[in-house]
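What follows is a short report on a single structure.
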Amino acid sequence: MKRWTKIFTSATVSIVPIAAIIYFSTPWNKVSMISLVGSSSLQPLVSKFSDEYSQSDLIVQGGGSGFGIKSIVSQTTDIGLSSKDPYESVRDATIQTNDFDIQDWINESIKTFTIAIDSIALVYKSNQSLNITNNNIGDVYRLFCGLDFYTISNGDLKKADSARNSLVPYSRTGGSNSSGTAFSFMNQFIGWNWDENNNVYSKEYEILKYGKYGKNVRSTNESNVETLNKLMEENLDGGITYLSLSFVIENYETITKAGYKVASVNGINIDNDFYKNPEITLDFIKKYGWFYFYNIIVSQNCSAQVKDLIDWIYFKEGSNVIENLNLFPIYSSKHNYLDLLQYQNYQDEITENNFNSVFFSKENSDGALAEKGQCPENFSFGVSNEKILNYNVES
C-alpha cells in the first residue's frame, strides 16, 4: 500500500481515541509526489515502478502520448510519458494547434529519456497463419485505413471484393497524432519509408496519422487493455488489431484460448515456446524489426526527486522491473546501452557516475541538439531507429 493511502487510513480511524493517540504520537514524514502523465502503454510499467519505488509517490494519469508531450512542455506535470518519439510532434507543433511550439520545448530545457524498447504485435481471429514482412506491410496499412478488404491466404494478405469473410481492423481513435502505439505501428516498421512510397501511399499516411478511417474500420481507445477488450467482446471472425508485444506475451494464454493468433513478423513466430521463455534482446528487436520506445520526458530543471527516480529506473531496481515486463531496458546489470541516447561531446562510457553531468547539461537538451543542426528529417529525441539498427550487438 502506498504511503498516501496509509495516511488516509490512519486519519479515518483517528476518530477512535486509542487509535488517535497512536496516530498522533507517530512521527510524520513528508511524502514527496511525482506526477506522470501520458501514454497508456507506459502505465503498467509505471504502476510497477510505483509498487517498488519508496522515495516518492508516483501519481499517474493517462491521456495518450500526445497529451504527455503537451503536459511536459506546459509544465503541468513532472514527467511526460510517451510511447513515441516526441520529435515529430514538437517539430511540427504550433501555438495555434498545440498551445506550444518548438521554442517552448527549447525554453523549458526538455530532455527525452528512452528507458525501454517494446515491439508491435498483430492479434487476429482466423484459422490461417500470417507473416508480416516488408513485402506486405503496405497492405497492412491499407487494411487498417479501411481502404480495401483483405483476407489471409498462404500466410499473406490477399485483397477481397467485399467485406464478407474479410478481416475487420480495429484502429486507435485519433491515429498516430494521439496514440504512441498507433505512431509506432505506422512509422517503426524497419524497411518501410513513407517518403519513398509517398506517391502510392500518401492517402494512407494521412488516414493513419489523423485517424480518419474508412467505414469498415472499428475505432478503439488508446490503451492496449481497452483495445483488446473491445476486440474480444465483439469477437468477430477476422477481427484484427495491433498491440504492444510485451502486453501480448503477458496475456498470451487469454488471447490464444479465445481463438486468436499472433502474426509472425519477419519470420519470427511468437509461439508458445517464446511465450514461456521470452528472450527480449537488442538482437531480437533488430531481427523482429517492428519496435517502439518507452520515453519519459522531463525538464532539465526538474526537482531532485525526479532525478532520483530516473537514477533508480536506469541504475537500480527499475531496470529489473522493466525486464520482468518483457521489455528491453536501455540499461541493466547485463548491458549498458546508454550511448543509444542522444547526446554529444562525451567520449567515455556513460555510467551512473557521469549520467547527470552529461544528460542534464544544457548542451544536451533536446532543443539544444536541434538548434545545432543535428536533426535532419529522420532525427529523434531519446533513441533513434538509426542508432538501434546500426548498433553492433555484442555476441
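Each residue of the sequence shown is one higher than the last, beginning at 94 in the working numbering. Just so you know, even glycine gets a beta-carbon here, dropped at the ideal spot from N, CA and C.
Rounded C-alpha distance that separates residue i from residue j
| i | j | result |
| --- | --- | --- |
| LYS489 | GLN435 | Beyond the ends of the chain as shown, which are 94 and 488, falls residue 489; an answer cannot be given. |
| ILE230 | TRP285 | 8 angstroms |
| SER222 | GLY159 | 34 angstroms |
| VAL486 | GLN189 | 44 angstroms |
| ASN457 | THR444 | 16 angstroms |
| ASN449 | ALA186 | 28 angstroms |
| ASN530 | SER357 | Here the chain covers residues 94 to 488 and nothing more, so residue 530 does not appear. |
| VAL355 | ASP459 | 37 angstroms |
| GLN393 | GLU416 | 27 angstroms |
| LYS427 | SER202 | 31 angstroms |
| VAL106 | ASP197 | Confidence at VAL106 is low in this model, with a pLDDT of 33, below 50, so the placement of that residue should be treated as unreliable; the coordinate-derived value is given next. Near 47 angstroms, if we compare the C-alpha coordinates of ASP197 and VAL106. |
| THR226 | ILE361 | 10 angstroms |
| GLN440 | ASN429 | 15 angstroms |
| LEU151 | ASP144 | 9 angstroms |
| LYS480 | ALA463 | 17 angstroms |
For residue i, the three-state DSSP class (helix, strand or coil)
| i | result |
| --- | --- |
| ASP211 | strand |
| LEU301 | helix |
| ARG235 | helix |
| ILE534 | Residue 534 lies beyond the residue range present for the chain, which begins at 94 and ends at 488; the question has no answer from this structure. |
| LEU129 | strand |
| ASN292 | helix |
| ASN419 | coil |
| GLU479 | helix |
| ASP150 | strand |
| PHE313 | Position check: residue 313 holds Thr in this sequence, whereas Phe was assumed. Note: THR313 maps to strand in three-state DSSP. |
| ASN438 | coil |
| SER264 | strand |
| PHE453 | coil |
| LYS465 | coil |
| LEU431 | helix |
| LYS308 | coil |
| ASN224 | strand |
| ALA256 | coil |
| PHE474 | coil |
| VAL486 | coil |
| LEU329 | coil |
| LEU250 | strand |
Check whether residue i and residue j have beta carbons under 8 angstroms apart
| i | j | result |
| --- | --- | --- |
| SER134 | SER264 | no |
| GLN398 | ILE127 | yes |
| LEU390 | THR205 | Before going further, note that residue 390 is Ile rather than Leu in the sequence given. Going by C-beta atoms, ILE390 is nearer than 8 angstroms to THR205. |
| VAL130 | GLN154 | yes |
| THR334 | THR349 | no |
| VAL183 | ILE165 | no |
| LYS218 | ASP366 | no |
| PHE142 | GLY411 | yes |
| SER140 | GLY161 | no |
| LEU431 | ILE283 | no |
| LEU250 | VAL233 | yes |
| SER255 | THR244 | no |
| TYR381 | ILE342 | no |
| PHE384 | GLN281 | yes |
| TYR407 | TYR424 | yes |
| THR347 | THR313 | no |
| TYR506 | VAL216 | The structure shown does not extend to residue 506, since the chain is modelled only from 94 through 488, so no value can be given for it. |
Close Cβ partners of residue i (< 8 angstroms) along its chain, the five nearest in sequence each way excluded
| i | result |
| --- | --- |
| ILE300 | CYS238, GLY239, LEU240, GLY268, TYR306, GLY307 |
| ASP401 | GLN148, SER149 |
| THR374 | PHE421, VAL486 |
| ASN290 | GLY231 |
| SER246 | GLN221 |
Residues near residue i by beta carbon distance below 7 angstroms, same chain, minus five either side
| i | result |
| --- | --- |
| PHE472 | TYR180 |
| LYS465 | none |
| MET325 | ALA351 |
| CYS395 | ASP171 |
| ARG235 | ASP241, GLU297 |
| PRO137 | LEU418 |
| GLY359 | A small fix is needed here, since residue 359 is Asn in this sequence, not Gly. THR226, LYS380, TYR381, GLY382, listed in sequence order. |
| TYR345 | TYR368 |
| TRP405 | TYR146, GLY411 |
Close beta carbons around residue i, own chain, < 6 angstroms, minus the five adjacent residues each side
| i | result |
| --- | --- |
| ARG311 | TYR263 |
| PHE276 | LYS177, SER269 |
| SER339 | ASP211, LEU418, ASN419, LEU420 |
| SER271 | GLY157, GLY159 |
| ASN224 | GLY248, SER357 |
| ASN317 | LEU336, SER337, PHE340 |
| ILE363 | VAL355 |
Residue-chain proximity (residue i, chain B), Cβ-Cβ < 8 angstroms
| i | result |
| --- | --- |
| ILE406 | Given the protein chain composition of this structure (a single chain), no chain B is represented. |
**Prompt:** Where are the beta strand (DSSP E) runs, 3 residues long or more, that stay fully inside the region 155-217, in chain order?
**Reply:** 172-175, 203-217
**Message:** Which runs of the beta strand (DSSP E) at least 3 residues long sit entirely within the region 332-377? Give them in chain order.
**Reply:** 332-337
**Message:** Please give me, in chain order, every unbroken run of the beta strand (DSSP E) with length at least 3 that falls completely inside the region 381-413.
**Reply:** 384-392
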